[in-house]
Amino acid sequence: MSLNVEIIEQSFEKIKPRAEEFAASFYDNLFAVYPEVLPLFASTDMSKQQKKLVSSLVLVVESLHHPEALGQVLQALGARHVGYGTIPDYYGPVGQALLTTFAQYLGEDWTAEVKQAWTDAYKAITVQMLQGAGQDFTLEQVQLDTGEIPVRGERHPTPTTETEAPAAVGGEESEPLAVEILESSFELIKPRADEFTASFYENLLATHPELRPLFAGTEMPKQQKKLLNSLV
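Using my numbering, the first residue of the sequence shown is number 7, and each one after it goes up by one.
In structure tokens form, the structure reads like this:
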């Protein structure tokens, strides 16, 4: 299955400004559709859980152009979820809640094309995570009921290039970046640039240990210099 990466990226950009609300609504929708999962979150700090969800979605969307690396990450994530008590039956309701939340927040931008793009993406993610959990599932076997999630509009997102700014929410003009502030604050980082990049990867891998396979054969000092060059 080939995923419509551009549509996924464009629609997700419209969610980002309200990411915290989106994550909270997702769990509200999940517990309403499938209250059976409530015991899994009995001792969970939901504000932290919501941040983990947003981080996971950002990671997935930003890694869509690197499917092999993303597959390794998703399989590791699926293996970890076994320890949380996740079973294959949970993936369908989670997907339904996720798509329902996208429909709520995208409004008129939740077109048939966008709905299909996210449905395909979620099924592909599910297969990878279940493989990591030791379950041999195919795309056809993934049960995802989207029939009750209505399509709101028929406008299609405008294709963008990698150098183009993200689409503005609600058709409004994007506010210009505070370039001077960005430049002046980055100047304060430069004298400790090596420490900064090392700390970045420490924080990244502490928050997302499932990413470690991506750096298994990487010489980290060179990787840190690449990050610094990208920022400069």
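Every residue, glycine too, gets a C-beta built ideally from N, C-alpha and C.
Inset, instruction - Taking Tyr97 as the reference, give the member of Asp51, Met52, Thr125, Ser205 with the closest Cα. - result: Minimum Cα distance to Tyr97 is reached at Thr125.
Legend entry - Of the residues Ala127, Gly138, Thr106, Thr152, the one placed nearest Ala38, counting alpha carbons only: The alpha carbon of Ala38 has as its nearest neighbour, out of Ala127, Gly138, Thr106, Thr152, the alpha carbon of Thr106.
Legend entry - Where Val133 falls, given that 16 or more other Cβ within 10 Å makes a residue buried: Classification for Val133: buried.
Legend entry - Selected residue, minimal CA-CA separation from Ala104, among Ser53, Tyr33, Glu119: Position check: residue 104 holds Leu in this sequence, whereas Ala was assumed. Considering only alpha carbons, the answer is Tyr33.
Inset, instruction - Since I believe Leu211 is in contact with Gly138 (beta carbons under 8 angstroms), could you give me their beta-carbon distance rounded to a whole number of angstroms? - result: Between Leu211 and Gly138 the Cβ distance is about 18 angstroms, and since that is not below 8 angstroms, they are no contact.
Inset, instruction - Could you have a look at Val120 and say whether DSSP puts it in helix, strand or coil? - result: helix
Inset, instruction - Indicate whether Val262 and Ser31 have their beta-carbon atoms separated by less than 7 angstroms. - result: What is shown of the chain runs 7 to 238, which leaves residue 262 out entirely.
Legend entry - Spatial distance of Gly140 from Lys22 (CA atoms): 33 angstroms
Inset, instruction - Would you decide whether Lys129 is buried or exposed? Buried here means 16 or more other CB atoms lie within 10 Å of its CB. - result: Taking every protein chain shown into account, the CB of Lys129 has 16 or more other CB atoms within 10 angstroms, so this residue is buried.
Inset, instruction - Work out the CA separation of Glu19 and Gly176 for me, nearest whole Å. - result: Only weak support exists for where Gly176 lies, its pLDDT of 39 falling under 50; the value from the coordinates is given anyway. When only Cα atoms are considered, Gly176 and Glu19 end up about 12 angstroms apart.
Inset, instruction - For Gln110, name the three-state secondary structure that DSSP assigns. - result: helix
Inset, instruction - Have a look at Lys57 and Pro197 and give me their C-alpha separation to the nearest angstrom. - result: Those two C-alpha atoms are separated by around 31 angstroms.
Legend entry - Asn35: first and last residue of the uninterrupted alpha helix (DSSP H) it sits in: 25 to 39
Inset, instruction - Go through its chain and collect everything with a Cβ distance to Ala109's Cβ below 6 angstroms, but skip five positions before and after it. - result: Trp116, Ile155
Inset, instruction - Can you give me the start and stop residues for the alpha helix (DSSP H) that Arg86 sits inside? - result: 73 to 89
Inset, instruction - Quick one: using the 10 Å Cβ neighbour count with 16 as the cut-off for buried, is Pro227 buried or exposed? - result: exposed
Legend entry - Residue from Ala199, Glu208, Asn209 with nearest C-alpha to Lys231: Ala199
Legend entry - Close Cβ partners of Ile91 (< 6 angstroms) along its chain, the five nearest in sequence each way excluded: Per the sequence presented here, residue 91 reads as Gly, with Ile not at that position. Answer for Gly91: Leu46, listed in chain order.
Legend entry - Buried versus exposed, by CB contacts within 10 Å (16 or more), Leu44: Leu44 counts as exposed, since fewer than 16 other beta carbons sit within 10 angstroms of its beta carbon.
Inset, instruction - To the nearest angstrom, report how far apart Ala48 and Leu136 are at their CA atoms. - result: 24 angstroms
Inset, instruction - Output the boundary residues of the alpha helix (DSSP H) element that contains Val67. - result: 52 to 68
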